[in-house]
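**Q** If you read the sequences in order, they're chains A and B. Taking this note's numbering, the leading residue of the first sequence gets 2, the next gets one more, and so forth. Taking this note's numbering, the leading residue of the second sequence gets 2, the next gets one more, and so forth.
There are 2 protein chains.
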Amino acid sequence: MKVPIAVSARHAHLSAATVQKLFGEGYQLRVRKWLSQTGQFSAEETVTLIGPRGRLEHVRLMGPPRDHDQLELSRSDECTLGITAPLRLSGDLEHTPGLQVVGPAGAVTLHSGVITAQRHIHMNPEEAQRLGLHDGQTVSVKVDSNGRDLIFGDVVVRVAPDFRLELHLDTDEANAAGVTNGDYGEIVTSDPASHRPVDRTTG
Amino acid sequence: MKVPIAVSARHAHLSAATVQKLFGEGYQLRVRKWLSQTGQFSAEETVTLIGPRGRLEHVRLMGPPRDHDQLELSRSDECTLGITAPLRLSGDLEHTPGLQVVGPAGAVTLHSGVITAQRHIHMNPEEAQRLGLHDGQTVSVKVDSNGRDLIFGDVVVRVAPDFRLELHLDTDEANAAGVTNGDYGEIVTSDPASHRPVDRTTG
């Protein structure tokens with residue numbers, strides 16, 4: 002079963018309150034590009050992240066704003082900043098580190114919200130049924146590339162009506178497999194017994 | 002068959018001539034730490050790399066100096082710098098990009114020498130014989146980690162008398178597998194028919 006690959010570069014989902022602190026009162030994020038997942042967009046706005054060791058500039062914001070600030074970084078990014086964030090699914094933000102976020106109108110020190118995204122496949126219920134997979138299960142996905150073939154284990158299946166079939170990797174994972182946006186992987190094994198708690202937050 | 006993992010962060014092997022341009026006439030690199038491969042060391046000295054898009058500071062030099070300048074970067078590093086370097090084994094530097102290197106006593110513009118290291122396993126001839134492997138062959142290596150299990154394909158076997166058994170990964174690859182220095186992988190498959198030309202340069 003072929004699965005299109007989407008590579009997530011470092012990005013931030015911020016709350017409306019945080020957006021206003023960084024960009025000014027009443028500020029609304031501007032849509033740069035609608036994402037394949039319904040209703041989500043990458044915004045025109047970017048921020049600077051500052052950690053104890055270094056900084057990352059031009060970090061893309063996603064919209065619309067969420068209830069909680071969530072920053073998704075690769076381990077390479079975390080090394081640059083000097084922090085270590087746990088491997089988590091979107092929305093699972095307990096006991097995560099924070100950092101300083103700087104925008105054109107102000108700066109905010111977040112005390113939590115930084116995660117390394119657990120690799121996962123989005124799919125809708127019809128696709129899950131057709132593949133014999135269920136939400137929260139883990140599968141393996143094989144990638145053929147020129148010189149960096151690999152098989153990703155620990156890929157979590159996430160099922161929701163507004164999801165499109167897509168394997169989400171971070172930049173470290175995509176680089177290690179030699180793939181970019183629009184390449185394809187193939188689900189090669191699944192462990193029907195596997196199940197982990199998954200929250201319902203999109204992304 | 003268990004194989005210890007060594008993670009290579011971005012680093013540079015420079016020629017004696019380049020070292021002198023960057024650090025001053027007659028300058029000798031100072032040993033910071035001997036590497037597991039005989040006679041090689043990481044040096045006290047670091048340089049700054051400048052590409053069309055950005056810069057990387059504190060990039061570690063390796064010693065002793067080589068005949069040719071060679072910079073080994075991860076794809077994440079290349080993205081920061083704004084360059085794309087091909088996947089190569091050490092010493093295979095034809096048609097590779099360059100960049101600007103800055104040291105305390107001067108700067109040098111290299112016109113080639115930047116590579117993304119092809120993942121590989123070092124071993125000595127006795128180990129190769131015991132494993133039924135030969136120089137230039139590719140194998141797959143399985144890594145079990147907490148949440149980022151994977152199987153690396155396209156791992157090139159490199160055999161030389163002064164090599165110690167070790168899987169060499171770059172930081173993107175190590176991050177994608179959730180491993181660090183001193184963790185272990187396991188050789189799970191080998192393709193006896195596989196063979197690619199391999200140069201004899203150490204590293």
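We put the CB at the ideal spot given by N, CA and C, even for glycine.
#1: Less than 9 Å between the C-beta atoms of L72/A and L36/A, yes or no?
#2: Give me the residue from E79/A, E46/A, T190/A, V4/A with the minimum Cα distance to Q21/A.
#3: Does chain B have any CB closer than 9 Å to the CB of S75/A?
#4: On the DSSP letters alone, give me the boundaries of the beta strand (DSSP E) that S43/A sits inside.
#5: Sort V158/A, G55/A, V32/A, V115/A by Cα distance to H12/A and report the nearest one.
#6: For V102/A, does the three-state DSSP call read helix, strand or coil?
#7: Measure from the C-beta of N176/B to each C-beta in chain A and report whether the shortest distance is under 9 Å.
#8: How about V144/A and I6/A: are their beta carbons less than 9 Å apart?
#9: Measuring only the C-alpha atoms, how far is D78/A from L57/A?
#10: Quick one, which residues of the region 79 to 91 of chain A are near chain B if we go by CB-CB under 8 Å, in chain order?
#11: If you measure between the beta carbons of H14/B and P66/B, is that distance less than 9 Å?
#12: With DSSP as the reference, identify every bridge partner of T117/A, one or two as the case may be.
#13: Closest Cβ-Cβ distance between D155/B and chain A: below 9 Å?
#14: Taking only the alpha-carbon atoms, compute the straight-line gap between M63/B and A178/A and give it to the nearest angstrom.
#15: Per DSSP, which one or two residues make a beta bridge with A108/A?
#16: Starting from the C-beta of H196/B, find all residues in its chain whose C-beta is less than 6 Å away, skip the five residues before and the five after it, and write them out in chain order.
#17: Just verifying my parser: in three-state terms, what is the DSSP assignment at A13/B?
#18: Between D150/A and chain B, is the shortest Cβ-Cβ distance under 9 Å, so that the two count as touching?
#19: What did DSSP end up calling E58/B once you bin it into helix, strand or coil?
#20: Is there at least one Cβ from chain B nearer than 9 Å to N147/A's Cβ?
#21: I need the straight-line Cα distance from V199/B to L74/A, nearest angstrom please.
#22: At the level of alpha carbons, what is the spacing between F24/B and V32/B?
#23: Is A118/A near S43/A, with beta carbons less than 9 Å apart?
#24: Given a cut-off of 9 Å, decide if S141/A and G133/A are closer than it, judged by their beta-carbon atoms.
**A** Put simply:
#1: no
#2: E46/A
#3: yes
#4: 42 to 51
#5: V115/A
#6: strand
#7: yes
#8: yes
#9: 8 Å
#10: C80, L88
#11: yes
#12: L88/A
#13: yes
#14: 27 Å
#15: V103/A
#16: Summary for H196/B: the model assigns pLDDT 49, below 50, so the residue's position carries little reliability, and this model does not support an answer.
#17: strand
#18: yes
#19: strand
#20: yes
#21: Because the pLDDT of V199/B is 42, which lies under 50, any placement of that residue in the model is unreliable, and the question is left without a value.
#22: 15 Å
#23: no
#24: no
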